[in-house]
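Trainee:
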Amino acid sequence: MKKLIILFLGLAIVSCKKTEKKVEETAKADVKLYQLVGGSIFVKKLEVFSQDTTYTGQTKQFTDTYYVISHPKGNLMWDAGLPEQLVQPTPFDEPSGVFRIQRPDSLVNQLKTIGFKIEDFKYFAMSHSHFDHTGHANYMKDAKWIVQENEYNFNLSDTLRAKNPALAALKNVQKINGDYDVFGDGTVVIKYTPGHTIGHQSLYVEVAGLEKPVLLTGDLYHFEENRATNGVPSFNYDAETTLKSMETFEAFAKEKNAEVIIQHSPIAYKKLEELLNSLKPKA
């Protein structure tokens with residue numbers, strides 16, 4: 021009789037644990053992802069995206085996306101596109117002769133299309149500190165800015181920030197070292213992927229309703245061939261570190277069976293747009 025009681029108790033505990041696990045899975049945060057266009061970048065000298073002469077004489081059209089992540093514990097903006105001064109009728113040819121750039125609309129107008137306002141954001145993070153990712157950062161002054169400590173110290177110290185008006189307004193800083201779980205539940209995780217800059221980072225998002233999680237590359241890759249061949253741009257902070265980050269990134273993507281979205285790729289933009297549109301109620 022005693023053995024039977026112990027057996028029943030054991031089965032009850034196992035059943036209870038399974039139920040708890042199911043409840044936990046069911047109760048996972050309702051995370052939404054929105055994709056917005058922070059600019060158009062026409063690369064006139066694609067060879068700068070290689071360590072050799074691979075792309076000499078070639079050109080390529082990039083997009084410049086940024087993202088809104090809505091979580092029950094707060095909203096996060098990821099990246100900030102090109103400066104709003106580039107919202108103009110004609111593209112701007114920047115002085116180096118490499119890029120022709122233009123921004124389609126202001127942050128305020130773009131947020132309005134998805135039902136958000138600037139003051140709705142509790143958190144702000146950028147993949148890195150290059151000009152095409154910091155454009156409207158100054159509007160995020162009331163949000164908590166999550167940045168790798170080495171990226172902040174190397175590129176974004178008080179002295180250097182003073183030279184970049186978009187960053188000078190950011191006072192509420194949270195410095196991190198390595199991967200960081202933004203909301204503490206594993207649904208939105210900043211992944212440390214240095215190399216493009218000293219403290220470059222990518223973003224993992226478990227979007228409610230999608231079969232696969234989304235993994236935003238930042239500028240770890242710039243276009244599909246970069247990813248296929250582990251191509252490293254000539255202007256990266258450190259090529260060897262970039263390659264190590266690519267290896268770590270790909271292992272993580274495989275582990276999570278994630279949908280990898282290359283942020284500058286028009287192809288990836290379209291793919292993610294289709295995935296997100298599939299979540300909208302049918303008319």
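Note that the working numbering has the sequence shown beginning at 21, numbered continuously upward. For glycine and all other residues, C-beta sits at the position ideal for the given N, C-alpha and C.
1. Enumerate in chain order the residues of its own chain whose CB-to-CB distance from K232 is below 7 Å, with the five nearest sequence positions on each side excluded.
2. Let me know the secondary structure DSSP gives E294 once reduced to three states.
3. Pull up the CB-CB distance for H216 and L240, whole angstroms please, since I reckon it's below 8 Å.
4. Sorted by chain position, which residues of the same chain lie with C-beta nearer than 8 Å to G59's C-beta, five sequence neighbours on each side aside?
5. Does DSSP put V227 in a helix, a strand or coil?
6. Please report how far the alpha carbon of F69 lies from the alpha carbon of Y75, in whole angstroms.
7. Could you check what DSSP says for I281 in three-state terms: helix, strand or coil?
8. Exposed or buried, which one is K132 when buried takes at least 16 other CB atoms within 10 Å?
9. Based on Cα-Cα distance, which residue from G229, F269 and E104 lies nearest to K48?
10. What does a CB cutoff of less than 6 Å around K93 pick up in its chain, not counting 5 residues either side in sequence?
11. Looking at the strands, I want to know which residues DSSP matches up with T85.
12. For S90, which option in T110, G77 and V51 has the closest C-alpha, if you only look at C-alpha atoms?
13. When you measure from the CB of D125 to every non-hydrogen atom of the ligand NAP, does any distance come out below 7 Å?
14. Per DSSP, what kind of secondary structure is R247 in: helix, strand or coil?
15. Below 8 Å, how does it come out for the segment 162 to 173 and the segment 137 to 153: are there three or more Cβ pairs, yes or no?
16. Considering only DSSP beta bridges, list what H91 is partnered with.
17. Please report the straight-line C-alpha distance between E104 and V57, rounded to a whole angstrom.
18. Does the Cβ of P214 have 16 or more other Cβ atoms within 10 Å, making it buried, or fewer, making it exposed?
19. Please look up how many angstroms separate the CB atoms of F269 and G219, rounded, as I've assumed it's under 8 Å.
20. Are the Cβ atoms of N197 and Q221 separated by less than 8 Å?
21. Would you grab the beta carbon distance between S254 and Q71 for me? Rounded to a whole angstrom, and I think it's under 8 Å.
22. By Cβ distance, which residues of its chain are closer than 8 Å to N250, with the 5 residues on each side in sequence left out?
23. According to DSSP, is K195 part of a helix, a strand, or is it coil?
24. Between which two residues does the beta strand (DSSP E) carrying V208 extend?
Mentor: With the structure as the only source:
1. Position 212 of the sequence shown holds residue 232. So the qualifying residues of the chain are N277, A278 and E279.
2. The count along the sequence shown starts at 1 and reaches residue 294 at position 274. Helix.
3. As a position in the sequence shown, residue 216 is number 196, starting the count at 1. As a position in the sequence shown, residue 240 is number 220, starting the count at 1. With a Cβ gap of about 6 Å, H216 and L240 count as contacting.
4. The sequence position of residue 59 within the sequence shown is 39, counting from 1. Excluding residues within five positions, the ones whose Cβ falls inside 8 Å are T83, D84, G101, L102, L106, I121, Q122, R123, P124, D152 and G155.
5. By one-based count along the sequence shown, residue 227 stands at place 207. Correct three-state label for V227: coil.
6. To locate residue 69, count along the sequence shown from 1; it is residue 49. To locate residue 75, count along the sequence shown from 1; it is residue 55. The straight-line gap from Cα to Cα measures roughly 8 Å.
7. Walking along the sequence shown from the start, residue 281 turns up at place 261. In the structure shown, I281 sits in a strand (DSSP, three-state: E or B).
8. By 1-based counting over the sequence shown, the position of residue 132 is 112. By the 10 Å Cβ count, K132 comes out exposed.
9. Here residue 48 corresponds to residue number 28 of the sequence shown, with the count starting at 1. With distances taken between Cα atoms, K48 lies closest to G229.
10. Here the question's residue 93 lines up with position 73 in the sequence shown. Its chain contains F203 as the residues whose beta carbon lies nearer than 6 Å to that of K93, once the 5 sequence neighbours on both sides are disregarded; these appear in chain order.
11. Translated into positions along the sequence shown, residue 85 becomes position 65. Answer is V57, bridged to T85.
12. What you label residue 90 is simply residue 70 of the sequence shown in a count that begins at 1. Comparing Cα-Cα distances from S90 to each of T110, G77 and V51, the minimum goes to V51.
13. In the structure shown, the ligand NAP is absent, as is every other ligand, since no ligand is present at all.
14. Here the question's residue 247 lines up with position 227 in the sequence shown. R247: helix per DSSP, three-state reduction.
15. yes
16. Working through the sequence shown from its first residue, we reach residue 91 at position 71. G94.
17. The sequence position of residue 104 within the sequence shown is 84, counting from 1. The sequence position of residue 57 within the sequence shown is 37, counting from 1. Their Cα atoms are separated by approximately 12 Å.
18. Taking the sequence shown and counting its residues from 1, the one referred to as residue 214 is at position 194. That one is buried.
19. Walking along the sequence shown from the start, residue 269 turns up at place 249. Walking along the sequence shown from the start, residue 219 turns up at place 199. No, F269 and G219 are not in contact; Cβ-Cβ is about 15 Å, not under 8 Å.
20. Counted from its first residue, the sequence shown places residue 197 at position 177. Counted from its first residue, the sequence shown places residue 221 at position 201. Their beta carbons are not under 8 Å apart, which means N197 does not touch Q221 by this criterion.
21. As a first step, residue 254 is located in the sequence shown; it is residue number 234 there, counting from the start. As a first step, residue 71 is located in the sequence shown; it is residue number 51 there, counting from the start. Contact flag correct, Cβ pair sits at about 6 Å.
22. Residue mapping note: residue 250 aligns to position 230 of the sequence shown, counting from 1. Excluding sequence neighbours, N250 sits near L263 and M266.
23. Within the sequence shown, numbered from 1, the residue matching residue 195 stands at position 175. Strand, per DSSP.
24. As a working mapping, residue 208 is identified with position 188 in the sequence shown. Looking at the DSSP string, the run of the beta strand (DSSP E) that includes V208 is V208 to Y212.
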